[in-house]
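Novice: The following block contains the structure, expressed as structure tokens.
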Amino acid sequence: MLELKHELKLTKTRDEKARMNFVSGLRAHVLNDMATGMRKVYDADVEPRFRQQHRRAPKDGPEVHKAIKPNDYFKFYSSLRVTAQDMVWQSVIPPLERNRPELKEKAARLTGKRPKMKGKGKGKGTLAIRPGFEVPRYVSAIDVHLMAGNYDGEYEPDDLAAGALYDNGLAVFSFGLMGQNLDDIGQSIAGFIKLKFPKLKPAKILDLGCTIGHNTGSWKDHFPQAEVHGIDVAAPCLRYAHARAEAQNRELHFHQMNAEQLDFPDASFDVVFSSMFLHEIPKKAIAKVMAEAYRVLKPGGLMLHMELPPNSQLSAYDAFYLDWDSAYNNEPFYKPFRDLRPEKICRDAGFSSKNYLQFVIPSVGWYGEEVSRAAATQPRDVDNDKTGRLTDGIMWYCFGAWK
Amino acid sequence: MTRKPMRRTIRGGRPYFFADPAIDKVLNMVVVLASEVWTLRERLLAMEALQVQQGGLSAGEVDAFEFSADDEGNLAIQRKEFIDSLFRVLAEQVDEAERTVSATRKTSPKVKTRTRKTARKK
């Protein structure tokens with residue numbers, strides 16, 4: 007299991023670490039070994055049966071889903087995956103519960119609400135929480151990806167436990183595939199963009215739906231002269247993000263805001279970014295978010311969303327594979343988002359089609375700096391098995407447009 | 015608002031995949047148990063490594079260790095108890111069967127009738 011590298015990491019007993027190790031191992035087994043196994047079972051058994059019955063191959067994800075549902079291997083894969091997902095959070099909550107008072111104290115010191123610890127908390131970032139802010143129902147009503155309490159659950163005044171649950175949970179969940187600081191997405195993409203567009207010198211960068219800011223910081227690393235902002239609706243995540251950034255000595259600015267209605271002036275940002283965000287919100291909200299991104303971008307600015315690849319660019323089986331989350335992992339907006347055409351939603355928000363772009367970026371953590379950066383000069387298509395899928399050899403998909 | 019414990023249950027429901035959701039639930043229990051078994055193994059390895067580090071053990075000593083005859087005897091008893099308790103749920107069914115048998119013995123005529131019927135069928 008990955009250990010967090012910053013000061014907010016939890017104190018864990020030997021047994022708690024062992025439980026987390028087990029869950030990480032279980033997830034790697036289900037998502038690598040069993041996922042490979044399920045594909046073989048599909049090819050050998052499920053697909054031929056479908057062909058026999060219909061005289062053609064399944065045409066899309068839902069047809070594959072329907073055909074594979076009665077299969078025992080699918081049932082075990084799915085049931086174990088749900089169990090493992092649940093155990094991710096359950097392996098974190100007991101040590102987190104014990105650490106809560108200390109965690110809060112540390113965060114207060116790091117963010118300057120208590121006398122600073124020596125040499126720590128030099129980031130000088132800021133945090134703006136809005137009293138009375140209304141969290142949209144699509145966040146407040148469910149526990150997304152089976153995370154008890156979701157991003158916004160609060161259990162005491164100025165709570166940040168939900169942020170800690172997400173940070174520590176991701177460390178267990180990702181079995182190393184999201185980078186040593188859980189920022190592989192940010193590091194891979196910000197590094198790629200810097201190389202791909204050497205003339206881009208952003209003064210202001212905005213990260214939408216940033217949660218704990220784990221990918222926000224990468225923009226500051228690659229563009230140190232830029233002012234980097236992150237927004238989210240979940241206050242406990244933002245409080246944690248602020249303390250986390252200070253612990254990492256990164257100057258980041260966090261605001262409680264809804265991406266559907268930003269409190270920033272028109273044409274105020276050079277880059278508007280998001281990662282793993284759009285698939286968490288309904289289609290109506292996506293349209294508003296895209297329009298807001300367009301509004302706050304300066305002319306010539308870049309909008310970029312790291313996301314799951316759209317169904318239109320995947321085979322029927324791979325579409326089914328990614329849509330599993332929508333059906334079984336409390337991700338109701340996952341499939342509807344992936345059914346959209348990225349180019350169309352950019353166009354609908356006012357971006358010109360000729361300014362549309364999309365990239366497949368090899369994970370810098372998995373492939374190394376050289377291979378990942380080489381992608382900047384050698385464009386790749388969506389690779390069915392690897393793109394957007396948490397598996398060995400992962401690649402990140404992103405799309406967007408210049409304003 | 016004072017400090018409340020974090021919620022551990024999931025809103026939005028948990029999906030089930032087998033015809034009987036009980037199978038999913040049992041599978042979950044098995045995996046949670048497996049996690050505890052693994053946790054014990056890590057702890058034991060840590061204890062062993064600590065002992066080696068502090069000179070109480072030399073590497074490989076546990077693997078080479080043989081129990082005394084007395085210890086073997088005790089272990090055998092404990093192992094039997096462990097296995098019995100593991101399958102207690104099945105033993106309940108046997109107990110129930112035994113109770114039925116002894117109850118029917120007390121009302122012996124019925125038993126005789128049944129025996130005769132069975133015998134005729136054969």
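These protein sequence lines are chains A and B, in that order. To get my numbering, take the position in the first sequence, counting from 1, and add 6. To get my numbering, take the position in the second sequence, counting from 1, and add 14. Ideal Cβ placement from N, Cα and C applies to all residues, glycine included.
1. Would the beta-carbon of A:V239 fall within 8 Å of that of A:T222?
2. For the beta strand (DSSP E) containing A:E313, list its first residue and its last residue.
3. Residues in its own chain within less than 6 Å of A:T132 by CB, not counting five upstream and five downstream?
4. Would you tell me roughly how many angstroms separate the C-alpha atoms of A:N105 and B:P19, rounded to the nearest one?
5. Contact criterion: CB-CB distance below 8 Å. Does B:I97 meet it with respect to chain A?
6. If we ignore side chains and look at the alpha-carbon of each, how far apart do B:Q65 and B:S82 end up?
7. Establish whether the CB of B:G70 and some CB of chain A are separated by less than 8 Å.
8. Between B:S49 and A:V36, is the Cβ-Cβ spacing less than 8 Å?
9. Bridge partners for A:K207 per DSSP, in chain order?
10. Please look up how many angstroms separate the CB atoms of B:E56 and A:R20, rounded, as I've assumed it's under 8 Å.
11. Cβ closer than 8 Å: which chain A residues qualify as neighbours of B:L41?
12. Smallest Cα separation from A:D189: which of A:G307, A:S281 and A:D391?
13. Could you tell me the alpha carbon to alpha carbon distance between A:G306 and A:K207, rounded to whole angstroms?
14. Are the stretch 271–281 of chain A and the stretch 238–257 of chain A touching by the rule of at least three beta carbon pairs closer than 8 Å?
15. Report yes or no: is there a C-beta of chain B within less than 8 Å of the C-beta of A:V29?
16. For A:T17 and A:A41, what's the separation of their Cα atoms in angstroms?
17. With a threshold of 8 Å between beta-carbons, can A:R143 be considered close to chain B, or not?
18. Specify the secondary structure class of A:P101 as computed by DSSP and reduced to three states.
19. Quick one: is B:D38 near chain A, going by C-beta distance under 8 Å?
20. Tell me which residue opens and which closes the beta strand (DSSP E) that A:M401 is part of.
21. Using 8 Å for Cβ pairs, my map puts A:A382 next to A:K202. What's the rounded Cβ distance?
22. Below 8 Å CB to CB, which residues in the same chain sit around B:K135 once its five sequence neighbours on both sides are set aside?
23. Expressed to the nearest angstrom, what Euclidean distance is found between the alpha-carbon atoms of A:L320 and A:F80?
24. Would B:T127 be called buried (16 or more neighbouring beta carbons within 10 Å of its own) or exposed?
25. Quick one: using the 10 Å Cβ neighbour count with 16 as the cut-off for buried, is B:M43 buried or exposed?
26. May I ask you to list, following chain order, the residues of the stretch 17–34 of chain B that have a beta carbon less than 7 Å from some beta carbon of chain A?
27. Any idea if A:Q231 is buried or exposed, counting beta-carbon neighbours within 10 angstroms, 16 or more meaning buried?
28. Which value, in whole angstroms, describes the spacing of the CA atoms of A:I218 and A:N361?
29. Short of 6 Å in beta carbon distance, which residues of its chain neighbour A:L310, apart from the five on each side in sequence? Order them along the chain.
30. For A:G236, name the three-state secondary structure that DSSP assigns.
31. Chain A beta carbons: is any one of them nearer than 8 Å to that of B:T118?
32. Can you tell which of A:Y144, A:H12, A:P107 and A:D329 has its C-alpha closest to the C-alpha of A:I340?
33. Suppose you measure from the CA of A:P315 to the CA of B:P35; what does that come to, to the nearest Å?
34. Since A:L212 contacts A:F275 with CB under 8 Å, what's their CB separation in whole angstroms?
35. Please list the partners that B:V45 has in chain A, where partner means a Cβ-to-Cβ separation under 8 Å.
Specialist: With the structure as the only source:
1. no
2. L303 to E313
3. H259
4. 12 Å
5. It does not; no Cβ of chain A falls within 8 Å.
6. Here the alpha carbons of B:S82 and B:Q65 stand approximately 21 Å from one another.
7. no
8. no
9. In the DSSP output, where bridge partners are listed per residue, A:K207 has none listed.
10. The pair is a contact, with the Cβ atoms about 7 Å apart (cut-off 8 Å).
11. F82, S85, L86 and T89
12. A:S281
13. 11 Å
14. no
15. yes
16. 33 Å
17. no
18. Reduced to three states, the DSSP call for A:P101 is helix.
19. It does; some Cβ of chain A falls within 8 Å.
20. Here the beta strand (DSSP E) through A:M401 covers M401 to W408.
21. Sure, about 4 Å apart at Cβ, within 8 Å.
22. Its pLDDT being 42, under 50, B:K135 is placed unreliably by the model, and the measurement read from it follows with that caveat. Cβ neighbours of B:K135 beyond the five flanking positions: none.
23. 20 Å
24. The predicted model places B:T127 with a pLDDT of 45, which falls under 50 and marks its position as unreliable; any figure quoted below should be read in that light. Around the beta-carbon of B:T127, fewer than 16 other beta-carbon atoms lie within 10 Å, marking it exposed.
25. exposed
26. R17, K18, P19, M20, R21, R22, T23, I24, R25, G26, R28, P29, F31 and F32
27. exposed
28. 31 Å
29. F279, C404 and G406
30. strand
31. No, no contact with chain A.
32. The displayed chain sequence assigns Tyr, not Ile, to residue 340 of chain A. Out of A:Y144, A:H12, A:P107 and A:D329, A:D329 has the C-alpha closest to the C-alpha of A:Y340.
33. 32 Å
34. About 5 Å separates the beta carbon of A:L212 from that of A:F275, a gap short enough to meet the 8 Å contact definition.
35. Annotation: Cβ neighbours of B:V45 in chain A (cutoff 8 Å, chain order): L32, L86, T89, A90 and M93.
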